[in-house]
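To start, the structure itself, in structure tokens.
In the working numbering, the protein residues as written are 2 to 293.
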């Protein structure tokens, strides 16, 4: 499969402004008596060019286009994906979770409105995401059901619970649930783009697998960067396991995409290009089997 990252870059340049405008509109309501909270919400979402890479909602738009509709028709779902992601980041940063003081180069939300305020703000973001999904095109019932599982105890929340409670390496069902912290939203982001386009079940399932494996490849690549930083400071042993595994997972994601029916050729190539941009440091040249 030819991976044309230049097309992925141009697609983001064309589509991201639409996404940013929609995100700002989603959190730009009259502040009223909750001015500080609304200001913190806009900062957390990263409006006006202060957001992250936005790769999850951009994949939603690309998947919708690959399945046959205009990306603009999937904007409400893409916004819901990014609001859900932001809610998870705000919760991750509070002291009783991962206790981080900075996010995206700015003070974390709990430093602006307190831990209780950050929790309530996250609930507000999730509620707004639910509104966006309910007002979207496509199969609204299915979108809302999939989204609830994505953030719930079978998905991101459950994965975070395992992360907080585990005393050592996790195995079996707990390990699979732990991965949901990193994979559930990316899997939903891509499959939701297909659902809003009313794509058939086999198309949605193929894209779900693509998004799941891509999300895990991204997490492992991020872990590899952290490991290399720790190693440079003398805090970690040598080894390349996370980066090698990331390459295997990226390869498996691209294979799932290649075998997903119901996508037009240009859309399939676009999704592959975006996947490589999401995990740029991973190699797909490993000869190992991606078997689990």
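Each residue gets a CB set at the ideal place from its N, CA and C atoms; glycine is no exception. Quantities reported herein were computed from a predicted structural model and do not represent experimental measurements.
Which runs of the alpha helix (DSSP H) at least 4 residues long sit entirely within the region 161 to 211? Give them in chain order.
173 to 197
Q. Out of curiosity, what's the CA-to-CA distance linking residue 1 and residue 274?
A. The structure shown does not extend to residue 1, since the chain is modelled only from 2 through 293, so no value can be given for it.
Looking at the strands, I want to know which residues DSSP matches up with residue 103. 108
Test item: CB-CB of residue 63 and residue 16 under 9 Å: yes
Problem set entry | Proximity of residue 175 and residue 130 at Cβ, strictly below 9 Å | no
> Between the beta-carbon of residue 179 and the beta-carbon of residue 149, is there less than 9 Å?
Replying inline: When the beta-carbon positions are compared, residue 179 and residue 149 stay at least 9 Å from each other.
Worksheet entry | Extent of the continuous alpha helix (DSSP H) run through residue 94 | 76 to 94
Report yes or no: do three or more beta-carbon pairs, one from the region 87 to 101 and one from the region 55 to 71, lie closer than 8 Å?
-> no
(request) Give every residue of the same chain whose Cβ lies closer than 8 Å to the Cβ of residue 29, excluding the five residues on either side of it in the sequence, and list them in chain order. (result) 43 and 48
Tell whether a beta-carbon distance below 9 Å holds between residue 258 and residue 272. yes
By the DSSP assignment, the alpha helix (DSSP H) with residue 137 in it spans what residues? That residue, residue 137, is in no alpha helix (DSSP H); it is neither H nor E in DSSP.
query: Nearest to residue 261 by alpha carbon, out of 217, 244 and 211?
result: 211
Buried or exposed: which applies to residue 77, given that a residue is buried once 16 or more other Cβ atoms fall within 10 Å of its Cβ?
By the C-beta density criterion, residue 77 is buried, having at least 16 other C-beta atoms within 10 angstroms.
How big is the Cα-Cα spacing for residue 141 and residue 173?
-> 33 Å
message: If I measure Cβ to Cβ from residue 138 and keep anything under 7 Å in the same chain, skipping five residues before and after, which residues do I get?
response: 74 and 197
Might you give, ordered along the chain, the residues of its own chain that have their beta carbon closer than 7 Å to the beta carbon of residue 233, omitting 5 neighbours on each side?
-> With a pLDDT of 41 at residue 233, under the threshold of 50, the modelled position of this residue cannot be trusted; read the value that follows with caution. Take residue 233, set aside five residues on each side of it, and no residue of its chain has a beta-carbon closer than 7 Å to its own.
TODO: Would you give the residue range spanned by the alpha helix (DSSP H) that residue 98 belongs to?
DONE: Premise fails: residue 98 is in no alpha helix (DSSP H) and is neither H nor E.
### Query
Assuming residue 147 and residue 101 make a contact with CB atoms under 8 Å, what is their CB distance in whole Å?
That belief does not hold up - the Cβ atoms of residue 147 and residue 101 are roughly 29 Å apart, past 8 Å.
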